[in-house]
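> So that you can map any letter, position 193 of the sequence shown is 204 in my numbering, and since no number is skipped, the others follow by simple counting.
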Amino acid sequence: MRDKFMSRPWQRRDTGLTLRMIMSFVILTLLYLVFLGVLVYLGVGFIPITIVASVLIIAQWYFSDKIVLWSSGAKVVTREQFPELHGLVERIVAMNNLPKPKIAVINSSVPNAFATGKSQRSSVVAVTTGLMDILDSEELEGVIAHELTHIRNRDVLVITLASLFSTVAWYLMQFGFYGGLYGGGMGGYGGGRDRGGGGGAILIMLAVAAVTWLVSFLVIRAISRYREFAADRGSAQMTGKPVQLANALMKISGTMQRVPNRDLRKVEGLNAFFIIPVNSGRQTIANLFSTHPPVQMRVQKLLEMEASMA
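#1: Whole angstroms are fine: how far does the CA of SER120 sit from the CA of GLY292?
#2: Given a cut-off of 8 Å on the beta-carbon distance, is the pair ILE114 and LEU96 in contact?
#3: Apply the 10 Å Cβ neighbour rule to PRO271 and answer buried if 16 or more other Cβ atoms are within range, or exposed otherwise.
#4: Grab the span of the alpha helix (DSSP H) containing LYS113 for me, first residue to last.
#5: Counting only C-beta atoms, is SER75 closer than 8 Å to chain B at any point?
#6: Would you tell me roughly how many angstroms separate the C-alpha atoms of SER227 and VAL45, rounded to the nearest one?
#7: Whose C-beta lies closer than 7 Å to the C-beta of GLN92 among residues of the same chain, with five residues either side of it excluded?
#8: Which word fits LEU30, buried or exposed, when buried means at least 16 other C-beta atoms lie within 10 angstroms of its C-beta?
#9: How is the alpha helix (DSSP H) around ALA259 delimited, first residue to last?
#10: Using 8 Å as the cut-off, can you tell me whether the stretch 228 to 235 makes contact with the stretch 144 to 159, which would need three or more C-beta pairs spanning the two stretches below that distance?
#11: Quick one, are the C-beta atoms of PRO122 and THR139 less than 8 Å apart?
#12: So, is PRO288 buried or exposed, given that buried needs 16 or more other C-beta atoms within 10 angstroms?
#13: On the DSSP bridge assignment, give the partners of PHE125 in chain order.
#14: Can you tell which of LYS277, GLN255, ASP274, LEU214 has its C-alpha closest to the C-alpha of ARG309?
#15: Return the chain-ordered list of same chain residues with a C-beta closer than 6 Å to the C-beta of ARG238, the five sequence neighbours on each side being excluded.
#16: In angstroms with no decimal places, state the Cα-to-Cα distance between ASN108 and ARG90.
#17: Between LEU142 and VAL88, what straight-line distance do the alpha-carbon atoms span, to the nearest angstrom?
#18: Taking all protein chains shown into account, do 16 or more other C-beta atoms lie within 10 angstroms of the C-beta of LEU80, making it buried, or fewer, making it exposed?
#19: Would you mind sorting ARG102 into buried or exposed? The rule is 16 or more other CB atoms within 10 Å of its CB.
#20: In this structure, does DSSP put VAL87 in helix, strand or coil?
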């Protein structure tokens, strides 16, 4: 019976996620090698590029999760403060042989949750008070399991590194632009190699930077959408109750549409981390480039998993 249960495709190890992550990083790495090569060719010196990139990498690596918690207003809470929430997390991690993350609560009417941290040992799962108000215990369990899957799959680390590539490219472009503007066509930074005049070099750099950013944007969105499907499936695997997460997603999406716009705007910058982006109910062309797949599609897949268990 156990073998039959584990033979269902959605119950197996998600090798698709791993392959997509590897391919995405290969594409991004090649893309930024080309971008850096163009910078060097146009006269931006290797040493300035290395310094700027190193500072950004170190800052992003050590402070990204702290910035997310700070910007969301999340406060790490003890078991004494939220015993039921801690107990729920402890049950899930015990059943799935996972280390217990820190738990944070955000005092917000916006029903949502996210996970952050560069490793399983340093991870944090954060939920809003609005989420705890609208979900029952099993639905909240499904949401927590979704976030624990992100941690288990190291999604936060992957998205942080992928976003870092884009950030580095952007600031290196800025560095080269102002170097060319105030340093005489960037020759001062790269030993005097101005390939066709300062104005032409800057235009080439801006064009390459725009292509780099666009490709990065699309690749990161593609990774993010797939990882949400993978986290939904991981939640179903951990709890054995896909329908409970489906119910939670529908409740969150429905409630979100009734939250005042001023509250939504306060947390909109965290959309990439949330289980559902705060504008998920608005059907616009921007959804094509969303960090998340449509809620209806996620719910349908979860209900298909539930039906396969019957």
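Cβ coordinates follow ideal geometry from the N, Cα and C atoms, glycine included.
The short version:
#1: Note that GLY292 scores 46 on pLDDT, short of 50, meaning its location in the model is unreliable; the coordinates nonetheless yield the value given after this. A straight line joining the alpha-carbon of GLY292 with that of SER120 spans about 16 Å.
#2: Cβ atoms of ILE114 and LEU96: closer than 8 Å.
#3: exposed
#4: That residue, LYS113, is in no alpha helix (DSSP H); its beta strand (DSSP E) goes 113 to 117.
#5: Chain labels in this structure do not include chain B; a single protein chain is all it has.
#6: 13 Å
#7: Once the five neighbours on either side are set aside, GLN92 has no close Cβ partner at all.
#8: When all chains shown are included, LEU30 counts as exposed.
#9: 253 to 267
#10: Counting Cβ pairs under 8 Å, fewer than three are found: no touch.
#11: yes
#12: buried
#13: Note: PHE125 sits in a beta bridge opposite ALA137.
#14: Considering only alpha carbons, the answer is GLN255.
#15: ASP166
#16: Distance between the alpha carbons of ASN108 and ARG90 is about 20 Å.
#17: 16 Å
#18: buried
#19: exposed
#20: strand
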